[in-house]
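Here the protein sequences come in this chain order: W and S.
With the working numbering, the residue at position 12 of the first sequence is 12, and numbering never jumps.
Add 1000 to the 1-based position in the second sequence for the working numbering, that's all there is to it.
Heads up, the thing below is written out as structure tokens.
Protein chains: 2
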Amino acid sequence: MRIERLERRTRLPGLFHIGASPYARRVTRHGKRADLIVHEQEPFNAETGLAGLAEGPVTATDAFYVRDHGPVPEIDHAAWRLHVHGLVERELDLSIATLREAFREREVTATLQCAGNRRAGLIAVRDIPGEAPWGPGATGTATWTGVALAEVLAVAGPLPEAAHVGLDGADVCAEATPAQRFGGSIPLDKACRPEVLLAWAMNGEPLQPVHGAPLRVVVPGYIGARSVKWLERIEVRSKPWEGYFQHVVYRLLAEDETPGPGVGMPLGLIALNSDVLSPADGETVAAGPVEVRGYAFAGGERHVARVDVSLDGGVTWAQADLLEDLGRWAWRHWRITVELAPGEHEILVRAWDSSAATQPEDEAALWNPKGYVNNARPRIRVRAA
Amino acid sequence: MRIERLERRTRLPGLFHIGASPYARRVTRHGKRADLIVHEQEPFNAETGLAGLAEGPVTATDAFYVRDHGPVPEIDHAAWRLHVHGLVERELDLSIATLREAFREREVTATLQCAGNRRAGLIAVRDIPGEAPWGPGATGTATWTGVALAEVLAVAGPLPEAAHVGLDGADVCAEATPAQRFGGSIPLDKACRPEVLLAWAMNGEPLQPVHGAPLRVVVPGYIGARSVKWLERIEVRSKPWEGYFQHVVYRLLAEDETPGPGVGMPLGLIALNSDVLSPADGETVAAGPVEVRGYAFAGGERHVARVDVSLDGGVTWAQADLLEDLGRWAWRHWRITVELAPGEHEILVRAWDSSAATQPEDEAALWNPKGYVNNARPRIRVRAA
């Protein structure tokens, strides 16, 4: 895999001629490829392009999306400690060395997905001022290495009234009122599941600064916002996090609601979603057999059970092939070959999860003031010539 | 609650004058109220009427739905033993007395829901021969008492290759090919969660024969078919159940597939669903403020987060009030008062679960050959006069 990626890189001249080639301006920061779609430079926000997503079920680190709310903090790794406190029998202050030595190393392949993934589809319905128009690339899958949060919590000893685990990063976010570090919480029940990691490596390499070094949380099946980066503090609590990024934003509002403390439904588990990676919406393809590819992801404890594709607006459906299975915390890529006669076509997709639930049809009806959770059935138009 | 039910009974003369009154033919068997909707007498299949469901979030036992595939078996309770075997360190044969004495008694309030609930809506799209036209009453909520399956399994000691827990009843079902006992399996991971019970009581009273006495399984969040009644055998396995009721039926087929071993998607977790309990579809109500009531249920580890009601076909929505919260394994009843001018109205409902997923719109597109998992947004018509 690594060799393949290096070969691929040699075909992207911009990465090797920074400042010297006409491609140089397309090189993004933070070790990312030139073809990321950058929504904001500071804080850095960039999504993976369709081609990067389509390369395979594991997303290359240099193509992986970044959703930041504050600048990447400068952290002295030698002095860094993870502080565990709150409703625990004993507080802990752990160095990376201690984490590595005291706990079993674990690896989980997990899809992360921003709650704002596919927001562009909602903005097309009605503008959402102040929110970036994320396409389908605010998601990606990596193999994460670290220790189980559950084992660290077990050493601290949650008290009987413990019900939530707060996760506090080092990044200070000016967008919050008041300005504050990025943080959130997950239910203790989830925190004690073995898939939730405190991770120091991503795709077999040390975590890069932009992805949360020295240590981040990875909460498989939950919105990316709970996989707190630059983790510095774990607070075992009786109630959910009351900071801005859980109590005010990352909540689903009804169409007529206004963001405010406690308004709307807190997000957490990821809703079933899918999108098309190839062909691109609006692309012209050669008439005849056309390969359609995409991803589908079911959050929580669910998995993708089926993906259907329709060329007649949902009257009839054909089943796509589900590609490589990376385990219960990862998306599934899918593929189907359809026959397209010359002319305009609409390709409509619906995924099904293991509860036999499928995606809602009407994107417009999913519009909400912050533009979260657009999980409508994807629909692209292509012209066959 | 009990007193209220007795009073209600006295208003149903049929129950006290069997064979003597004009209402006698409406009395159903198995201790059930006269107003159950009986789909089949043998095996007994009957659903709760809208009025029974609307009485409150806990469904009275004498109104609770029954979905049987074979006749109620005659079991000698004194000789009965639960046999635990398969991939375990030691086999067990447990009497009810031993189960009661050796394990901690637990109580869980959980909604059961048949995978065929609301099938009538699919049959209205296209007939499904051989399947009963269940309305919205193939579901109900009860408080179940028993012991945790997890604790029984812990005593047996699952071997490392154990991954599924098979559950085998005493009821012989002629509809299966070959005729066989009703059975199924759940993942070991779920079987080890504390909410999965081996239950001997329902709503505070000993389990009735029709509900599985002396012992049944209750698997909260899973289709009713996994809550095996008249449990006699637990088989710890490496693979899912290969019997008829999991490997052939209780699977979601694509529209053009034919039932067969391993065809389609096995059902398990319950998909988000909802329905209207009052007013009834087609009812005439007094114009002015009208109370609309219903239920919503999110299976698996999810809960109902919001219920919306629309009077304009989904252009605008109002949020219903979620009523009594009976915990994470129970449905939510909901209520909203809408203003209806004289004339025809359509009331459209959508529930949202805690992953911010909502129900699919198009009932017709959910049609499948066995008529399972109709979780389309409910839609009723009423006339205000």
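Glycine included, C-beta positions come from ideal geometry on N, C-alpha and C.
Being a predicted model, the structure only gives us computed values, none of them experimental.
Three-state secondary structure (DSSP) of residue i
i       : result
W/L197  : strand
W/H247  : helix
W/E301  : coil
W/V210  : helix
W/V58   : coil
S/G1019 : Note that S/G1019 has pLDDT 36, beneath the 50 cutoff, so the model's placement of it is unreliable and no number is given.
W/V349  : strand
S/A1384 : strand
S/G1327 : coil
W/D362  : coil
W/A170  : strand
W/E183  : Checking the displayed sequence, the identity of residue 183 of chain W turns out to be Gly instead of Glu. DSSP places W/G183 in strand when its eight states are reduced to three.
S/R1332 : strand
S/E1257 : coil
W/L99   : helix
W/R119  : helix
W/I344  : The sequence given here places Glu at residue 344 of chain W; Ile does not occur at that position. W/E344: strand per DSSP, three-state reduction.
W/V228  : coil
S/D1155 : Before going on, a small fix: residue 1155 of chain S reads as Val here, not Asp. Helix, per DSSP.
W/L277  : strand
W/L87   : coil
S/A1150 : helix
S/V1165 : strand
S/D1189 : helix
W/G204  : coil
Whole-angstrom distance between residue j and residue i, CA atom to CA atom
i       : j       : result
S/L1269 : S/A1148 : 19 Å
S/A1079 : S/E1105 : 22 Å
W/A365  : S/R1377 : 13 Å
W/D256  : S/W1200 : 48 Å
S/I1347 : S/A1305 : 20 Å
W/Q208  : W/A115  : 22 Å
S/A1224 : S/L1094 : The question names Ala, but residue 1224 of chain S in the sequence shown is Gly. Going from the Cα of S/G1224 to the Cα of S/L1094 covers about 24 Å.
W/P342  : S/V1249 : 41 Å
S/L1215 : S/W1144 : 11 Å
W/A286  : W/E339  : 10 Å
W/V38   : W/F44   : 8 Å
W/P160  : S/E1107 : 20 Å
S/L1082 : W/H303  : 33 Å
S/G1221 : S/V1349 : 22 Å
W/P158  : S/A1320 : 37 Å
W/V218  : S/G1282 : 50 Å
W/A254  : W/L267  : 13 Å
W/A384  : W/V290  : 9 Å
W/L87   : W/L188  : 11 Å
S/V1066 : S/Q1041 : 11 Å
W/E235  : W/E101  : 22 Å
W/L323  : W/R335  : 7 Å
Reference residue i, options the options, closest by Cα
i       : options                               : result
W/R379  : W/L92, W/P259, W/A280 and W/R81       : W/A280
S/A1252 : S/T1048, S/A1120, S/Y1372 and S/A1110 : This sequence places Leu at residue 1252 of chain S; Ala is not what is there. Ranking S/T1048, S/A1120, S/Y1372 and S/A1110 by Cα distance to S/L1252 puts S/Y1372 first.
S/V1125 : S/I1096, S/N1374, S/A1320 and S/R1332 : S/N1374
W/T284  : W/E344, W/D325 and W/V307             : W/E344
W/R118  : W/F245, W/E47, W/F64 and W/A254       : W/E47
S/P1369 : S/P1259, S/D1308, S/P1266 and S/R1293 : S/P1259
W/E91   : W/D62, W/V155, W/D127 and W/P266      : W/V155
S/F1297 : S/G1137, S/G1262 and S/Q1180          : S/G1137
W/G288  : W/W352, W/A318 and W/V382             : W/V382
S/G1264 : W/E235, W/H247, W/Y295 and W/W352     : W/W352
S/G1299 : S/A1150, S/E1235 and S/T1141          : S/T1141
W/E74   : W/L36, W/A213 and W/V88               : W/A213
S/G1294 : S/T1061, S/G1070, S/T1098 and S/T1139 : S/T1139
In DSSP terms, what residue i is bridged to
i       : result
W/E40   : W/N45
S/R1067 : S/N1045
W/R216  : W/A199
S/E1291 : S/T1337
**Message:** Using a Cβ distance threshold of 8 Å, determine whether the region 1355-1369 of chain S contacts the region 1261-1275 of chain S, with at least three qualifying pairs required.
**Reply:** In this structure the region 1355-1369 of chain S touches the region 1261-1275 of chain S; the number of beta carbon pairs closer than 8 Å is three or more.
**Message:** Would the region 1240-1257 of chain S count as touching the region 1181-1194 of chain S if we require 3 or more Cβ pairs under 8 Å?
**Reply:** In this structure the region 1240-1257 of chain S lies against the region 1181-1194 of chain S, because at least three pairs of beta carbons, one per stretch, are closer than 8 Å.
**Message:** Under 8 Å: do the region 159-175 of chain W and the region 314-328 of chain W share three or more Cβ pairs, one atom per stretch?
**Reply:** Contact between the region 159-175 of chain W and the region 314-328 of chain W is absent, because fewer than three Cβ pairs lie under 8 Å.
**Request:** Answer yes if the region 1225-1232 of chain S comes into contact with the region 1161-1170 of chain S, meaning at least three C-beta pairs across the two stretches below 8 Å, and no otherwise.
**Result:** Flag = yes, the region 1161-1170 of chain S and the region 1225-1232 of chain S touch.
**Item:** Inter-stretch contact (C-beta, 8 Å, three-pair minimum) for the region 319-337 of chain W and the region 107-114 of chain W
**Value:** These segments touch.
**Asked** Would you call the region 1187-1195 of chain S and the region 1053-1062 of chain S in contact, with 3 or more CB pairs under 8 Å?
**Response** Under the 8 Å Cβ criterion, the region 1187-1195 of chain S does not count as touching the region 1053-1062 of chain S, having fewer than three qualifying pairs.
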